[in-house]
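Visitor: Every letter in the sequence shown is one number past the one before it in the numbering used here, and letter 329, counting from 1, is 501. Ideal Cβ positions, reconstructed from N, Cα and C, are used throughout, including at glycine. Here the structure is a predicted model, which is why all the values come from computation and not from measurement.
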Amino acid sequence: MVKYQKVLDSLKAEEMITFTQELIRIESVYDPDVEGANEEEVAKYIYEFLCKEGFEVYIEEVAPGRPNVIAFLRGEEGGKTLLFEGHTDVVSPGDIDKWSYDPFSGKIIEVDGKKRIYGRGACDTKQNLAAAIYAVKAIKDSGEKFKGNIMLCIPVDEEGLMIGIKDFIRRGWADDVDAAIICEPEEKNLCIYQKGAIRIGIAFKGKMAHGCMPLTGNNPNWAVGKVINELRRLENFEKDRLGEHEYLGWPSITPTMIQAPIKGVAQINVIPDDAYMTLDIRTVPGQDHEAIKRQIQGILDRFMERYRYGDEKFDAYMEVLDDRPYTTTSKDEPVVKAVAKAYKDIMEEEPIYNGVPGATDGTFLAVEKGIPVIVTGAGDREVPHQVDEWCEIYDIIETAKIYILSALYYLNE
Numbered sequence: 173m174v175k176y177q178k179v180l181d182s183l184k185a186e187e188m189i190t191f192t193q194e195l196i197r198i199e200s201v202y203d204p205d206v207e208g209a210n211e212e213e214v215a216k217y218i219y220e221f222l223c224k225e226g227f228e229v230y231i232e233e234v235a236p237g238r239p240n241v242i243a244f245l246r247g248e249e250g251g252k253t254l255l256f257e258g259h260t261d262v263v264s265p266g267d268i269d270k271w272s273y274d275p276f277s278g279k280i281i282e283v284d285g286k287k288r289i290y291g292r293g294a295c296d297t298k299q300n301l302a303a304a305i306y307a308v309k310a311i312k313d314s315g316e317k318f319k320g321n322i323m324l325c326i327p328v329d330e331e332g333l334m335i336g337i338k339d340f341i342r343r344g345w346a347d348d349v350d351a352a353i354i355c356e357p358e359e360k361n362l363c364i365y366q367k368g369a370i371r372i373g374i375a376f377k378g379k380m381a382h383g384c385m386p387l388t389g390n391n392p393n394w395a396v397g398k399v400i401n402e403l404r405r406l407e408n409f410e411k412d413r414l415g416e417h418e419y420l421g422w423p424s425i426t427p428t429m430i431q432a433p434i435k436g437v438a439q440i441n442v443i444p445d446d447a448y449m450t451l452d453i454r455t456v457p458g459q460d461h462e463a464i465k466r467q468i469q470g471i472l473d474r475f476m477e478r479y480r481y482g483d484e485k486f487d488a489y490m491e492v493l494d495d496r497p498y499t500t501t502s503k504d505e506p507v508v509k510a511v512a513k514a515y516k517d518i519m520e521e522e523p524i525y526n527g528v529p530g531a532t533d534g535t536f537l538a539v540e541k542g543i544p545v546i547v548t549g550a551g552d553r554e555v556p557h558q559v560d561e562w563c564e565i566y567d568i569i570e571t572a573k574i575y576i577l578s579a580l581y582y583l584n585e
């Protein structure tokens with residue numbers, strides 16, 4: 173029998189799945205242009221649930237309508253503090269007509285003999301948030317003794333600029349945290365690396381003119397094209413230089429949004445006055461963020477020197493929107509060992525070590541506070557942000573059990 177079987181038996185699995193459905197049904201897509209489109213309702217739902225269950229709970233507004241929830245289950249004697257972190261926000265469902273089911277229904281469907289829960293956030297990451305909450309609840313309900321503290325951090329804005337975890341750190345909540353388990357869809361892989369991220373915006377200045385008389389204007393879109401070509405060369409150079417990382421794969425430089433003009437209505441017969449492009453850069457060990465930013469600025473500087481005059485005059489300005497270094501956690505860290513042992517006990521096989529292809533809230537915990545972080549949870553790694561997002565129910569239950577044992581092994585052994 174697995175150690176702490178009494179606690180595993182205290183997990184209310186069916187109730188946890190119902191709770192997951194309720195979280196999915198509360199639409200928590202943040203949109204600054206839509207009143208009430210934020211995480212407030214789902215955060216308050218979780219806050220009230222945790223209060224009712226007898227946890228020590230706090231709710232703090234990060235921005236209007238965007239509150240973090242923090243909760244504690246405290247042991248009977250001093251010891252370490254383990255943090256479970258899972259965010260409340262989800263990305264937009266996009267075109268709802270493309271979904272097979274209402275994206276905010278939390279519908280359960282059987283596929284190939286296995287039950288799945290569908291909806292926006294079913295994979296990223298309301299099911300893992302529910303698993304963490306119910307794992308800690310099972311420890312509480314069982315009466316099992318443990319040392320130290322278990323902390324739940326349930327922040328806003330993980331899908332944006334991560335203002336929730338930044339606020340959590342700024343207020344001092346992370347000061348006494350010894351290790352963190354970040355609850356994200358990683359197929360229960362033990363992710364000990366996280367890619368770094370640099371978000372850059374580049375504004376291109378041109379001159380508005382009629383599309384039939386291009387020489388009377390200065391089309392900023394030609395400048396956008398020049399920069400994209402150079403960025404592709406830089407990306408390929410970095411791939412050749414570094415190769416494919418064992419856990420994180422390839423580094424990347426990805427142009428995402430391209431807008432021309434920046435303001436006003438775009439028209440097919442009008443050369444825009446300006447243009448704007450964003451870059452989503454993902455980095456791996458061996459890359460220096462400051463060097464990458466200098467290289468991109470160098471591309472702009474060279475074009476501005478080369479094209480100073482005429483109808484292709486180049487004028488561009490770069491701003492760094494966000495900068496998150498890559499992180500790594502040793503397999504020898506106690507929290508990694510605890511999760512690995514929990515995985516083996518529940519899954520009856522050796523864990524798979526991996527890396528997160530993007531950044532998580534754990535990035536800031538690791539970089540700013542030096543906290544060892546491991547990212548793991550239920551859900552197919554390729555399903556988040558897609559139409560018909562889903563997670564298998566047995567996967568959620570197994571993850572909750574892994575979270576239970578991880579906490580007890582880390583705090584008691």
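1. Report back the beta-carbon spacing between residue 261 and residue 211 to the nearest angstrom; my notes put them in contact at under 8 Å.
2. For residue 370, which residues does DSSP report across the bridge?
3. Relative to the C-alpha of residue 301, which residue among 255, 496, 315 is closest?
4. For the alpha helix (DSSP H) containing residue 314, list its first residue and its last residue.
5. Thinking C-alpha only, which one of 561, 346, 511 is nearest residue 364?
6. Please state the DSSP three-state secondary structure of residue 214.
7. Could you check if residue 513 belongs to the surroundings of the ligand SAM, using beta carbon to heavy atom distance under 7 Å?
8. For residue 323, write down the residues that DSSP places opposite it in a beta bridge.
9. If you count every other CB in all the chains shown that lies within 10 Å of the CB of residue 567, and 16 or more means buried, which is it?
10. If the criterion is Cβ atoms closer than 8 Å, does the pair residue 253 and residue 321 meet it?
11. Whole angstroms are fine: how far does the CA of residue 292 sit from the CA of residue 441?
12. Who pairs with residue 318 in a beta bridge, going by DSSP?
13. Give me the DSSP bridge partner(s) of residue 283.
14. Quick one: grab the DSSP three-state call for residue 221.
15. Measure the alpha-carbon distance for residue 294 versus residue 325 and round it to whole angstroms.
16. Which word fits residue 578, buried or exposed, when buried means at least 16 other C-beta atoms lie within 10 angstroms of its C-beta?
17. Rounded to a whole number of angstroms, what is the C-alpha to C-alpha distance between residue 414 and residue 349?
18. To the nearest angstrom, report how far apart residue 410 and residue 177 are at their CA atoms.
19. Using beta-carbon positions only, say whether residue 332 and residue 234 come within less than 8 Å of one another.
20. Below 8 Å between beta carbons: does that hold for residue 486 and residue 395?
21. Who are the near neighbours of residue 398 in its chain, counting only those whose CB is closer than 7 Å to its CB and skipping five residues on each side?
22. Express the C-alpha separation of residue 528 and residue 432 in angstroms, rounding to a whole number.
23. Excluding five sequence neighbours on each side, which residues of the same chain lie with their C-beta closer than 6 Å to the C-beta of residue 390?
24. Taking contact to mean 3 or more Cβ pairs, one atom from each stretch, closer than 8 Å, check whether the stretch 491-510 and the stretch 309-320 are in contact.
25. Quick one: what does DSSP say residue 238 is sitting in, helix, strand or coil?
26. On a Cα-Cα basis, can you pick out the residue from 185, 563, 562, 540 that is closest to residue 340?
27. Near residue 375, what residues of its chain come up, given a Cβ to Cβ distance below 6 Å and the 5 sequence neighbours on each side ignored?
28. Does DSSP put residue 191 in a helix, in a strand, or in coil?
29. Could you tell me the alpha carbon to alpha carbon distance between residue 220 and residue 290, rounded to whole angstroms?
30. Does residue 383 pass the burial test, meaning 16 or more other C-beta atoms within 10 Å, or should it be called exposed?
31. Rank 421, 202, 429, 470 by C-alpha distance to the C-alpha of residue 329 and give the top, closest one.
32. In this structure, how does DSSP classify residue 461 when only helix, strand and coil are distinguished?
33. Hey, how far is the Cα of residue 238 from the Cα of residue 249?
34. Identify whether residue 530 lies in helix, strand or coil by the three-state DSSP scheme.
35. Give me, in chain order, the residues of the same chain whose beta-carbon lies closer than 7 Å to that of residue 204; leave out the 5 immediate sequence neighbours on both sides.
36. Check the DSSP bridge columns for residue 649 and list the partner residues they point to.
Guide: This is what the structure gives:
1. 5 Å
2. 453, 495
3. Comparing Cα-Cα distances from residue 301 to each of 255, 496, 315, the minimum goes to 255.
4. 298-314
5. When each option's Cα is compared against that of residue 364, the closest is 511.
6. helix
7. Absent from the structure shown: the ligand SAM. Ligands present: none.
8. 244, 255, per the DSSP bridge assignment.
9. buried
10. In this structure, residue 253 sits near residue 321, with a CB-CB distance shorter than 8 Å.
11. 39 Å
12. For residue 318, which the question treats as bridged, DSSP gives no partner whatsoever.
13. 286
14. helix
15. 19 Å
16. buried
17. 34 Å
18. 49 Å
19. no
20. yes
21. 475
22. Near 33 Å, if we compare the C-alpha coordinates of residue 528 and residue 432.
23. 378, 379, 483, 485
24. Short answer: they don't touch.
25. Here residue 238 sits in strand by DSSP.
26. 540
27. 448, 489
28. helix
29. 25 Å
30. Classification of residue 383: exposed, given that the 10 Å Cβ count is below 16.
31. 202
32. helix
33. 34 Å
34. Residue state, collapsed to three classes: coil.
35. none
36. Missing from the structure shown is residue 649; the chain here goes from 173 to 585 and no further.
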